[in-house]
Every structure is written in structure tokens, then in C-alpha cells.
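Per full-length UniProt numbering, residue 1 is the first one in the sequence shown, and the count goes up by one each step.
Glycine included, C-beta positions come from ideal geometry on N, C-alpha and C.
A quick note: this is a predicted structure, and the numbers were derived from the prediction, not measured.
These notes are about the structure you will find just below.
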Amino acid sequence: MKKSPLPLQSNCGPQKQVIGKEALVKLLRWHFGHSNFRGKQLDAIEAVLSGRDCFCLMPTGGGKSMCYQIPALAKPGIVLVVSPLIALMENQVSTLKEKGIPAEFLSSTQTVQVKNKIYEDLESGKPAVRLLYVTPELIATSGFMSKLTKIHARGLLNLIAIDEAHCISTWGHDFRPSYRKLSSLRSHLSNIPVLALTATAVPKVQKDVIESLNLQSPLVLKSSFNRPNIYYEVRYKDLLDDPYDDVCKLLKSCGNVCAIIYCLERTMCDDLAIHLTSSGISCAAYHAGLNSKMRSSVLDDWISSKTQVVVATVAFGKDVRVVCHFNIPKSMEGFYQESGRAGRDQLPSRSVLYYGMDDRRKMEFILRNTKRNKDDSSSLQDKSSKKSLDDFNQMVEYCEGSGCRRKMILESFGEMVPASLCEKSCDVCKHPNLVTSYLEQLKTATAFRQRTGSSRIYMTSGSSFNAEGQMSEFWNRDVEASGSEEDISESDDALDAAKNAASSKTSAKLKLQDKIDMLQRAEENYYQNKSRDKQVNKHDKNAIAETLRQAGKQRLLNAIKQSQQLVSDSRIDVDKSAVSLENECYKKYGKSGKSFYLSQMASTARWLSTAGPTELVNKLGSSTPENVTFTPNCSPALSNPLVPVSPKASDKKIHDNAGSEDPIRPSVSPLHGSASSELPPILSFSQFINSGKAKGNSASVSKRDSPDTGKKNLEKRMRSQ
Ligand SMILES: Nc1ncnc2c1ncn2[C@@H]1O[C@H](COP(=O)(O)OP(=O)(O)OP(=O)(O)O)[C@@H](O)[C@H]1O
Ligand SMILES: [Mg+2]
1 MKKSPLPLQS NCGPQKQVIG KEALVKLLRW HFGHSNFRGK QLDAIEAVLS GRDCFCLMPT
61 GGGKSMCYQI PALAKPGIVL VVSPLIALME NQVSTLKEKG IPAEFLSSTQ TVQVKNKIYE
121 DLESGKPAVR LLYVTPELIA TSGFMSKLTK IHARGLLNLI AIDEAHCIST WGHDFRPSYR
181 KLSSLRSHLS NIPVLALTAT AVPKVQKDVI ESLNLQSPLV LKSSFNRPNI YYEVRYKDLL
241 DDPYDDVCKL LKSCGNVCAI IYCLERTMCD DLAIHLTSSG ISCAAYHAGL NSKMRSSVLD
301 DWISSKTQVV VATVAFGKDV RVVCHFNIPK SMEGFYQESG RAGRDQLPSR SVLYYGMDDR
361 RKMEFILRNT KRNKDDSSSL QDKSSKKSLD DFNQMVEYCE GSGCRRKMIL ESFGEMVPAS
421 LCEKSCDVCK HPNLVTSYLE QLKTATAFRQ RTGSSRIYMT SGSSFNAEGQ MSEFWNRDVE
481 ASGSEEDISE SDDALDAAKN AASSKTSAKL KLQDKIDMLQ RAEENYYQNK SRDKQVNKHD
541 KNAIAETLRQ AGKQRLLNAI KQSQQLVSDS RIDVDKSAVS LENECYKKYG KSGKSFYLSQ
601 MASTARWLST AGPTELVNKL GSSTPENVTF TPNCSPALSN PLVPVSPKAS DKKIHDNAGS
661 EDPIRPSVSP LHGSASSELP PILSFSQFIN SGKAKGNSAS VSKRDSPDTG KKNLEKRMRS
721 Q
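Written as C-alpha cells, this is what we have:
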């Protein structure tokens with residue numbers, strides 16, 4: 001039912017008004033169907049309606065949005081909401097529209113026509129819109145600021161709400177430099193109350209936010225951070241036969257519920273999504289490496305419950321029952337925020353964190369090398385790195401400690417509570433003996449690994465860096481989208497961290513060389529261990545199951561369909577192309593093991609999502625003449641003459657074997673000119689480093705660093721597997 005707003009007062013603007021509690025409750029019931037305000041909601045609403053600035057600290061799912069949505073309905077005019085994520089804005093706006101509340105958002109994802117319509121309404125003198133959601137990046141533009149100033153001059157701006165305000169603070173876990181520029185709002189739009197909202201309870205964040213936004217004697221409201229409806233649990237990857245399989249079982253055991261799985265990196269997201277799909281779970285990956293169309297389609301499918309599970313590196317807005325962290329988060333704040341996506345409707349929900357020693361070491365490595373700000377002095381860098389490590393240690397304690405998980409979370413936010421508060425709603429309180437036994441086993445396993453020196457932490461990494469300070473994913477270095485505007489609103493923390501680590505000016509050149517050497521050694525060890533393991537272990541865990549291949553085909557099919565929509569070219573036979581592309585991946589890397597195969601699949605899917613129409617038709621078009629070649633520009637990696645291409649000799653061997661074994665290989669491939677239309681090449685770490693060096697100094701490519709050497713290394717590896 002479309003409900004009209006219930007304007008209680010006809011005047012608007014910064015005038016102070018007294019709107020009674022009863023009238024506000026009436027608005028809450030009428031528009032949202034909630035019987036009463038929760039926690040500190042009413043205090044916040046009354047404060048801003050009276051013209052006072054307010055800093056509101058409420059847990060995730062506490063109902064912060066209501067603190068600016070009710071004021072938007074209480075008087076005519078506009079409430080401006082600054083929000084960091086396009087997906088969250090879209091989600092909130094569509095929910096409000098469903099309730100008949102006029103709300104809009106402005107972002108790079110909209111068409112010019114849609115944007116113009118919103119601007120027309122804003123300039124009409126009597127705007128219909130009540131809530132306008134924008135990104136901090138838009139506020140920073142002079143064009144938008146002058147529009148806002150006009151609206152303000154007409155007395156139509158009632159309130160500025162800064163959602164997820166911790167993004168302003170360098171102490172907040174989601175720091176976004178553009179949020180800093182919001183201080184200009186105060187100077188340009190005087191007398192408009194500002195409401196800052198966050199679920200981050202670090203005292204430094206609060207101080208930083210209040211100072212940065214120049215809040216004037218704000219009312220500071222704080223609520224308890226306890227989320228009684230969330231059951232907290234840690235699972236130990238090192239004690240599980242197959243963590244992927246365990247996630248599948250967990251999701252299946254929870255029934256057909258919505259879930260988010262957070263991963264550290266995009267490659268991990270893609271790989272896990274393939275595994276889950278192959279196990280029959282409807283699932284999609286969501287990360288900043290996908291183009292905006294693909295992301296909206298994932299979001300749409302999820303909102304309409306076509307997809308049950310989303311595997312993401314970034315925040316994803318929707319109420320869910322289960323939140324898994326497949327890699328340990330870097331801080332308790334981040335973990336609390338993300339796990340808090342579960343049960344925002346107050347119904348029983350679960351948070352499951354998969355803790356692995358490799359992940360721990362990898363994150364420690366990243367944090368030790370993270371650069372906070374390129375202008376910071378080295379002592380600041382050291383402090384920042386120490387702070388990150390301290391924050392991370394809290395997470396490690398959460399996983400390795402034998403105390404109540406809930407108590408640990410709350411105490412990390414300075415809330416002292418008795419363990420009895422948990423009421424057996426964490427694994428430690430519910431199964432204390434079991435958790436103790438797991439922790440003992442974990443200690444034994446860790447000690448064993450330390451003794452035998454087995455570690456593959458660098459190889460499980462999806463990220464690496466080169467001598468120039470460029471950063472990319474391990475296997476897919478050239479297929480990442482460059483910083484488009486949509487990406488501004490999303491960050492891939494781990495990748496950023498590693499990027500920062502790589503570009504740190506403070507780390508001496510020698511130090512960087514040491515790290516690169518260390519990583520190369522780690523890589524060599526990995527391959528040596530791998531071939532040794534293979535000899536010892538007859539049953540090759542790395543073998544690619546048919547179900548995995550089917551899931552891969554399905555994934556490529558979806559990716560081609562999406563791209564085909566853009567191209568709308570009937571010459572592309574979607575089914576044949578998917579089979580053929582998968583076949584090509586399998587032929588190249590099927591014998592090299594799962595990781596290679598999955599990386600190639602991920603790389604191919606990404607190429608599909610970023611390729612232009614001509615490239616797609618050249619590669620996939622079934623009516624394309626045989627002699628049309630796949631231009632090197634199709635895959636940026638191919639266009640780089642310094643990047644070694646896949647070794648032909650070993651390829652041939654694999655191709656021949658795979659070809660004869662593969663019954664589903666189509667007799668006529670839609671991939672024309674296959675000799676020239678190769679898939680994005682997979683680079684080994686050394687090759688990647690070498691190509692970076694070569695790029696920076698093509699004149700002095702050393703013998704050791706030459707692409708030829710990399711090629712030989714890859715061949716050697718292929719043979720050893
Ligand atoms: N007074 C209320 N009574 C009942 N439910 C409420 C009330 N206020 C808000 N809610 C519901 O609580 C849920 C969470 O609200 P909201 O999204 O505003 O939380 P939040 O504090 O902004 O969380 P986050 O930190 O995740 O953004 C929503 O489903 C909302 O409808
Ligand atoms: Mg919110």
C-alpha cells in the first residue's frame with residue numbers, strides 16, 4: 001500500500017520545532033509498522049528535530065536508519081543521507097519506496113535521465129523527495145555542492161545524516177579519505193543539524209568523527225553492543241578435512257536461508273562460489289572486480305531470493321540468517337560489523353568464523369607491511385602497523401581463546417559484562433569441552449607444522465606485489481577493473497593493504513627485494529613440497545571432479561549470458577561458448593591441479609565481464625570468419641609483450657591428453673582462430689615479478705628475470721605436477 005507522508009508541520013528548514021513523542025510514534029507505526037521506538041532512537045530523533053547535532057552509536061542492526069527516516073517524515077523538505085556503499089543506498093531506497101516514502105539516491109550507476117529527473121525535482125522549489133542518499137564523493141564535487149546550497153537557501157534542507165560515520169576516522173575500520181571532505185558541509189550549510197551514525201565503538205573514532213564534522217555540542221548517544229540473537233562460533237580450518245566442504249554442509253544444515261560469506265580476496269570469492277555452486281547451493285560472488293551491471297544483477301537476484309548465498313569481499317546490504325568469515329578478519333570492529341549483518345531483524349542467527357593458521361600468518365604479513373598514508377613519517381607508519389597488529393591480535397585471541405566469545409566481543413568495545421549474559425549462545429559456552437579439545441588439537445597441529453616447516457601461506461594468497469609497487473591478484477594481474485567510480489564506494493581491504501605494502505616508500509629498496517626473494521623461495525618450496533606430496537600421496541586431492549567442471553561451465557554460461565546481453569549479438573552461441581571456454585581452461589590447466597584450473601576459470605570469467613563487444617564477438621562469435629584473429633587487446637595480459645605466454649610445449653602435452661579424455665569436447669568449437677585467441681594467461685609468482693621488473697626496466701632484463709626463464713620455470717613446474 002502506498003502511504004502518504006504525514007507532515008505534522010507545514011514549515012521546514014532549520015527552525016526549531018517541538019514535535020511530541022506521540023506524533024513521532026504515530027509516524028513510526030503508520031510508515032514502518034513498528035509498535036515503538038527502540039533503544040535511543042527517540043532521543044536521537046528529538047535531538048535533531050530540535051536542531052541539535054547528534055552522535056549516535058548503536059550496534060549493527062540497532063535501527064540507526066530510523067533516526068533520520070522519521071525526521072524526514074516529520075516535516076516537509078529534504079534529509080540528505082551520506083552513505084559509503086552504492087549497494088546499501090540502493091537497498092534502502094527501494095525499501096523506502098516500497099513503503100511509499102519518496103526517496104532517491106544519486107550515483108554513477110544511474111542513467112543521465114534518472115539523475116536529471118531527480119535534479120529537476122530538487123530544483124522545483126517544492127521537491128517531492130524526502131530522503132536523498134548520496135556518496136561522499138558526490139558531495140565533494142562543486143556542482144553538487146552548489147545545488148545543495150540552493151536547496152538550503154530555499155529553506156528546504158532539514159537534516160544531514162552521515163551514515164557509517166566511522167569511515168571519516170582513520171581509526172575506523174573502513175576509513176575512506178573522501179569522507180574527510182564532509183567537513184565542508186558544515187561551512188557551506190550553516191544551521192542544519194548533523195547526525196553522525198556508526199556502530200563502531202572505538203573512543204578515538206567518536207572523537208575523530210565529532211571533530212572532523214565540526215559537530216556543535218552534540219548529544220552523544222551510546223547503546224549496548226550485545227547482539228543476543230546471534231550465536232557465535234569458530235571453526236578451525238586446520239582441523240577440518242576440507243573447509244570448503246564444511247561451509248557447504250553448514251549452509252545446507254541451516255536450510256534455505258540467506259547467507260553471506262566474507263572472503264579476504266576476490267579469487268577466493270570466485271573459487272568458493274564455484275565450489276558452493278557445484279554442491280548445489282545457489283550462490284554468487286560479489287566483489288569490486290565485477291562490473292557494475294554484474295554487481296547489480298547479483299544484488300537483484302539476491303534481493304529477490306533467486307540466490308541464497310553471496311560470497312563477498314565487501315559489505316553487502318540485506319538481512320541474513322548466517323554470516324561466515326572464510327578468512328579471519330583484520331579487526332574486531334570489522335568482524336563485529338560484518339557478522340552483525342546477521343539477524344538485523346532480531347531473529348535467531350549465526351556467525352561462523354573459519355580460522356586457519358595460514359590465514360593468520362598471511363594477514364600478519366600484510367598488516368606488518370601496510371602503509372597507512374604515503375605522507376606519514378616512518379614513526380607514524382610504525383605506530384599504525386603496531387595498532388593494526390594489536391587489533392588483529394584481538395581477533396586471534398577471539399579464535400584461540402577459550403573464554404565466552406560474546407564477552408570477548410563486548411569487552412573489546414569496553415563493555416564489561418558477566419559471561420552469564422551469553423546464555424549459551426556461543427560455541428564456548430555451549431560446548432566448552434569440545435572447544436577446549438579443538439584448541440589442544442590446534443596447538444599440536446601448529447607445533448607439528450612448525451617442526452616440519454611446512455607453510456604455504458604465500459601461495460594461498462591471491463595477491464602479490466612487484467618491484468614497481470604495482471599490485472594485483474596472483475593469477476589475474478591484468479584483468480582487474482581500474483578504479484572506476486563505482487569502485488570508489490567499495491574497497492577490497494586486503495588488496496589495498498597489500499598494495500600499500502608494495503608501494504611503501506618507507507621500506508627500503510633492499511627490504512622489498514628481500515621480501516620478493518622470500519616470496520620466490522616460498523613459491524619454490526611450495527612446488528617442491530607439492531611434487532613430494534604427490535609422490536607420497538597416491539590419491540591426488542587436486543584432481544578436478546566432473547561436478548567442479550560442470551559448475552565451472554555453469555558459471556561461464558552465466559558470465560557469457562550477461563556479456564551477451566550487452567553485446568546482443570546472435571552470433572554468440574552461449575552454450576557452446578561456455579563448454580568450449582571451460583574445455584580450453586581444462587585443457588590448459590586441468591592436469592596442473594585445481595588451483596591452476598580454478599584460477600584460469602576465474603580469470604576467464606573476469607575477462608568475459610570486462611571485454612568489449614568486438615572482443616566478445618571475435619572470441620565467441622560462431623559466424624566469425626576463421627581468419628579473424630583474437631586481437632591482443634582482448635586480454636590486457638596478452639597485449640603486454642613482456643609477459644610470457646603459456647609454454648607451448650607443455651601446453652601441447654596437456655592439450656593432447658585432455659583432448660583425448662574429454663568426452664564433452666564439442667567437435668566444432670565456437671572459438672575461432674584458437675592459435676591466436678588464447679585465454680588470459682596464468683602467471684606464476686616469479687613470472688609476475690619478472691614481468692614487473694621487465695616492464696620497469698625493459699632495457700636491463702637480466703637473464704634470471706627474463707620471460708624465457710619464467711617460461712622454463714613454468715614448464716618445469718607443469719612437468720613436476
Ligand atoms: N523501533 C523499531 N522496532 C522494530 N524494528 C525496528 C525498529 N527500528 C528499526 N527496526 C528494524 O531493525 C532493522 C535494522 O535497522 P537498521 O538498518 O536501521 O539498522 P542499523 O543500525 O542501521 O544497522 P547497520 O549498522 O547494519 O546499518 C530493520 O529491519 C528495521 O526495520
Ligand atoms: Mg545502517
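- Between G77 and L197, the C-beta gap is not smaller than 8 angstroms, which leaves the two residues out of contact.
- Within the same chain, and ignoring the five residues on either side of Q562 in sequence, the residues whose Cβ sits closer than 8 angstroms to its Cβ are K293, M294, S297, L608, S609.
- Nearest C-alpha to V417 among L42, A140, P228: P228.
- Within the chosen limit of 7 angstroms, ligand 2 does not reach the beta carbon of K293 with any heavy atom.
- Taking every protein chain shown into account, the CB of H34 has fewer than 16 other CB atoms within 10 angstroms, so this residue is exposed.
- Pairwise C-beta distances place the stretch 210-220 out of contact with the stretch 65-74, as fewer than three of them are shorter than 8 angstroms.
- Within the stretch 48-76, the complete alpha helix (DSSP H) runs of at least 4 residues fall at 66-74.
- In chain order, the residues that have a beta carbon nearer than 6 angstroms to some heavy atom of ligand 2 are K64, S65, D163.
- Contact check for Y133 and V81: beta-carbon distance about 5 angstroms, within the 8 angstroms limit, so the pair qualifies.
- Annotated as distal: F175 and S183, with beta-carbon spacing of 8 angstroms or more.
- Y354 and P84 have their C-alpha atoms roughly 27 angstroms apart.
- For G51 and A74, the gap between their C-alpha atoms comes out near 13 angstroms.
- Where I162 is concerned, the enclosing beta strand (DSSP E) starts and stops at 157-162.
- Just measuring C-alpha positions, the residue of Y597, I210, N226 sitting nearest S420 is N226.
- Ligand 1 approaches G62 closely enough that one of its heavy atoms is under 7 angstroms from the residue's Cβ.
- For L219, the enclosing beta strand (DSSP E) begins and ends at 219-222.
- Within its own chain, the residues whose Cβ lies closer than 6 angstroms to the Cβ of F144, once the five positions on either side in sequence are excluded, are L138, listed in chain order.
- Here F105 is bridged, per DSSP, to Y133.
- Distance between S107 and A161, taken at the CA atoms: about 17 angstroms.
- Going by DSSP, E233 is part of no alpha helix (DSSP H) but of the beta strand (DSSP E) stretching over 230-236.
- In chain order, I260, A284, Y286, W302, F316 place their CB closer than 6 angstroms to the CB of V310, counting only its own chain and leaving out the 5 sequence neighbours on each side.
- Spanning the alpha carbons of V352 and I409 requires a straight line of approximately 14 angstroms.
- Burial state of P613 is exposed, judged by a 10 Å Cβ sphere holding fewer than 16 other Cβ atoms.
- When DSSP reads this structure, H188 sits in no beta bridge, so it has no partner.
- Minimum Cα-Cα distance from N116 among the listed residues Q92, A87, L96, K147 corresponds to K147.
- Counting only the Cα atoms, L616 lies some 46 angstroms from I230.
- G590 is classed as buried because its beta carbon has at least 16 other beta carbons within 10 Å across all chains shown.
- Rounded to whole angstroms, the gap between the alpha carbons of E400 and L439 is 7 angstroms.
- Distance between T109 and I86, taken at the CA atoms: about 8 angstroms.
- For S351, the enclosing beta strand (DSSP E) begins and ends at 349-355.
- By the CB criterion at 8 angstroms, S190 and A140 fall outside the cutoff.
- Out of G403, S388, E415, L239, the CA that lies nearest to the CA of D427 is found in G403.
- Inter-residue distance for A611 and N393 is about 42 angstroms (C-alpha atoms, whole angstroms).
- Annotated as distal: M332 and A199, with beta-carbon spacing of 8 angstroms or more.
- Straight-line measurement puts the Cα of T277 at about 28 angstroms from the Cα of R571.
- Judged by the Cβ position, N36 qualifies as a neighbour of ligand 1 at the 7 angstroms threshold, a heavy atom of the ligand being closer than this.
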